[in-house]
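One structure is given here, and the rest of the page talks about it.
2 protein chains.
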Amino acid sequence: MYPKHFEELIAAFEKLPGVGGKTAQRYAFTMLDKESEQIDEMVDALKGIRKIRKCRTCGFLSDEDECVFCKDASRNRTSIMVVAYPQDVAAIEKTGSYKGMYHVLGGLISSSKGIYPEDINIEKLMDRIDPSVKEVIIATSPTMDGEMTALYLDKLLKDKGVLVTRLAHGLPMGASLDYADDLTLIKALDNRRKIEDE
Amino acid sequence: MYPKHFEELIAAFEKLPGVGGKTAQRYAFTMLDKESEQIDEMVDALKGIRKIRKCRTCGFLSDEDECVFCKDASRNRTSIMVVAYPQDVAAIEKTGSYKGMYHVLGGLISSSKGIYPEDINIEKLMDRIDPSVKEVIIATSPTMDGEMTALYLDKLLKDKGVLVTRLAHGLPMGASLDYADDLTLIKALDNRRKIEDE
Numbered sequence: 091m092y093p094k095h096f097e098e099l100i101a102a103f104e105k106l107p108g109v110g111g112k113t114a115q116r117y118a119f120t121m122l123d124k125e126s127e128q129i130d131e132m133v134d135a136l137k138g139i140r141k142i143r144k145c146r147t148c149g150f151l152s153d154e155d156e157c158v159f160c161k162d163a164s165r166n167r168t169s170i171m172v173v174a175y176p177q178d179v180a181a182i183e184k185t186g187s188y189k190g191m192y193h194v195l196g197g198l199i200s201s202s203k204g205i206y207p208e209d210i211n212i213e214k215l216m217d218r219i220d221p222s223v224k225e226v227i228i229a230t231s232p233t234m235d236g237e238m239t240a241l242y243l244d245k246l247l248k249d250k251g252v253l254v255t256r257l258a259h260g261l262p263m264g265a266s267l268d269y270a271d272d273l274t275l276i277k278a279l280d281n282r283r284k285i286e287d288e
Numbered sequence: 091m092y093p094k095h096f097e098e099l100i101a102a103f104e105k106l107p108g109v110g111g112k113t114a115q116r117y118a119f120t121m122l123d124k125e126s127e128q129i130d131e132m133v134d135a136l137k138g139i140r141k142i143r144k145c146r147t148c149g150f151l152s153d154e155d156e157c158v159f160c161k162d163a164s165r166n167r168t169s170i171m172v173v174a175y176p177q178d179v180a181a182i183e184k185t186g187s188y189k190g191m192y193h194v195l196g197g198l199i200s201s202s203k204g205i206y207p208e209d210i211n212i213e214k215l216m217d218r219i220d221p222s223v224k225e226v227i228i229a230t231s232p233t234m235d236g237e238m239t240a241l242y243l244d245k246l247l248k249d250k251g252v253l254v255t256r257l258a259h260g261l262p263m264g265a266s267l268d269y270a271d272d273l274t275l276i277k278a279l280d281n282r283r284k285i286e287d288e
């Protein structure tokens, strides 16, 4: 019953994750109210993302051959942090406390989803390991697939003679101890540290 | 840190109602994963909605001078339902139980927001009232602004000698009586009907 392009816009918004019919309609009406300039902004951005590819070195997003991190000479090249997705790079960068390099796997090994080591960006990681690399920090999420991927990488990398570390698991800061799940508590206890180490 | 167009797409999504940074990023990554064809769909739809205007008769959305309802000769022209927004037309149409005409005000009279009768599509409604129109159904929401608008229209329309009705207020179907708010219960009691009328 709405004009054709409007129905099409609702349908396009409905394909976004977690967006149902009502929300898609609300988004479409917002775009309708917007000045043409704002429509142009979204159109230009959508057209522009077609040119985005993966950095040939680390797999992060880039509109050139190499991403901003791989091109940045000021970053510490002795350390590579391995993450599953580009979003994880954004999360780490926001903390401002890591200045090394990244490697984006583009997924996790998963027996349930049938994702094997050759399906993710592991080969290029191995190519990057040379004597100049002192540490590989595995920063996959502490989920089943994340753990499996971490163990797999740890094995491969140790053979290369590089120091392999993982992000610590334990109680999240600011959380109540009695709200933590058992696995987190067990990890927090296993990984307890002397107070002077903190 | 993301490529320019990708950051721009996140920014564009963040302007949608109720969308924060995380959600906007999630939407942008979904678009990145989509085949170019789906990006084209959204681009075409966005470009297309620039051509959408208001129906010159009723104010509903249209890409021509008149909307689908005003052009449809099979609809009952003796009845006009007045709603606040185009979305309300969609909600009524979905029920399939109204076959008359519509009039979209494009807003509600609101003392708190400073919206006056001349700011909404009332003049054209008055122009439509001629002896062929037998009933005007006021279907504004039962909110303060909706009620105020309904009362205002009722006064104007009664002078024109047309039958003015309102959507009934009462208990929503399927709801528990003890969960209804007081105002709804009072309305439901005031508007009680003989059982044979149902």
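Sequence lines, in order, name chains V and X. 91 is the number of the first residue of the first sequence in the numbering used here; add one for each residue after it. 91 is the number of the first residue of the second sequence in the numbering used here; add one for each residue after it. Glycine included, each C-beta is placed from N, C-alpha and C at the ideal position.
| query | result |
| --- | --- |
| Chain-ordered neighbours of R140(X) on chain V, where CB pairs are closer than 7 Å | S126 and I129 |
| Own chain partners of L195(X) with C-beta closer than 6 Å, once the 5 adjacent residues on each side are dropped | A174, I210 and N211 |
| A118(X) versus S187(X): straight-line alpha-carbon distance, rounded | 40 Å |
| D179(V) at chain X interface by Cβ criterion, 9 Å | Strictly speaking, residue 179(V) in this sequence is Val, with Asp absent from that position. Closer than 9 Å to some Cβ of chain X, the Cβ of V179(V) qualifies, so yes. |
| Cutoff 9 Å: M121(V) Cβ touching any chain X Cβ | yes |
| Where the segment 243 to 268 of chain V meets chain X: residues whose CB sits under 8 Å from a CB there | none |
| Beta-carbon spacing of M171(V), L198(V) below 9 Å | no |
| Short-range partners of chain X found in the segment 152 to 178 of chain V, where Cβ spacing is below 7 Å | S152, D153, V158 and Q177 |
| Closest Cα partner of E125(X) within the set A258(V), M132(V) and K137(V) | K137(V) |
| Stretch-stretch touch, CB-based, cutoff 8 Å, three pairs: the segment 253 to 271 of chain X with the segment 214 to 231 of chain X | yes |
| Contacts of M91(V) in chain X (Cβ-Cβ under 7 Å) | V158, A180 and E183 |
| Closest Cα partner of T233(X) within the set S201(X), H193(X) and N281(X) | S201(X) |
| Residue span of the beta strand (DSSP E) that contains G236(V), given as start and end | No beta strand (DSSP E) contains G236(V), which is instead part of the alpha helix (DSSP H) from M234 to K248. |
| Residue-level contact to chain X via CB, P207(V), 9 Å cutoff | no |
| Neighbour list for R116(V) in chain X, Cβ cutoff strictly below 7 Å | P107 |
| Interface flag, H193(X) vs chain V, CB-CB below 9 Å | no |
| Three or more C-beta pairs below 8 Å linking the segment 105 to 118 of chain V and the segment 262 to 270 of chain V | no |
| Interface flag, A135(X) vs chain V, CB-CB below 9 Å | yes |
| Chain V contact residues for E98(X), given Cβ-Cβ distances below 8 Å | E131, D134, A135 and G138 |
| Bounding residues of the beta strand (DSSP E) (the contiguous stretch that carries H193(X)) | G190 to V194 |
| L253(X), DSSP secondary structure in three states | strand |
| Minimum Cβ-Cβ distance from K290(X) to chain V less than 9 Å | Outside the shown range of chain X (91 to 288) lies residue 290(X), about which nothing can therefore be said. |
| Pick from D244(X), K189(X), K245(X) and I228(X) that is closest to H88(X), judged by C-alpha positions | This structure gives no information on residue 88(X), because the portion of chain X shown stretches from 91 to 288. |
| CB contact below 9 Å: A229(V) versus chain X | no |
| contact_flag[the segment 129 to 143 of chain X, the segment 134 to 148 of chain V] where n(CB pairs < 8 Å) is 3 or more | yes |
| Anticipated Cβ contact below 8 Å, L261(V) with A278(V), distance rounded | 5 Å |
| Sheet register partners of I212(X) (DSSP bridge) | BP columns for I212(X) are empty, so no partner. |
| Presumed contact (8 Å Cβ cut-off) between K144(V) and D153(V), rounded CB distance | In fact, because the Cβ distance is near 11 Å, the residues do not count as touching under 8 Å. |
| Spatial neighbours of R165(V) in its chain, beta-carbon cut-off 7 Å, leaving aside the 5 residues before and after | F159, K189, G190 and M191 |
| Residue burial classification, M121(X) (beta-carbon count within 10 angstroms, cutoff 16) | buried |
| Cutoff 9 Å: M238(V) Cβ touching any chain C Cβ | Here chain C cannot be found, since the structure's protein chains are V and X. |
| CB contact check: A102(V) to chain X, cutoff 9 Å | yes |
| R283(X) versus A180(X): straight-line alpha-carbon distance, rounded | 28 Å |
| Strand pairing of N281(X), partner residues [DSSP] | According to DSSP, which records beta bridges pairwise, N281(X) is partnered with nothing at all. |
| Same chain only: Cβ atoms within 7 Å of K248(V), ignoring 5 sequence neighbours per side | V254 |
| Exposure label - A163(V); buried when at least 16 CB within 10 Å | exposed |
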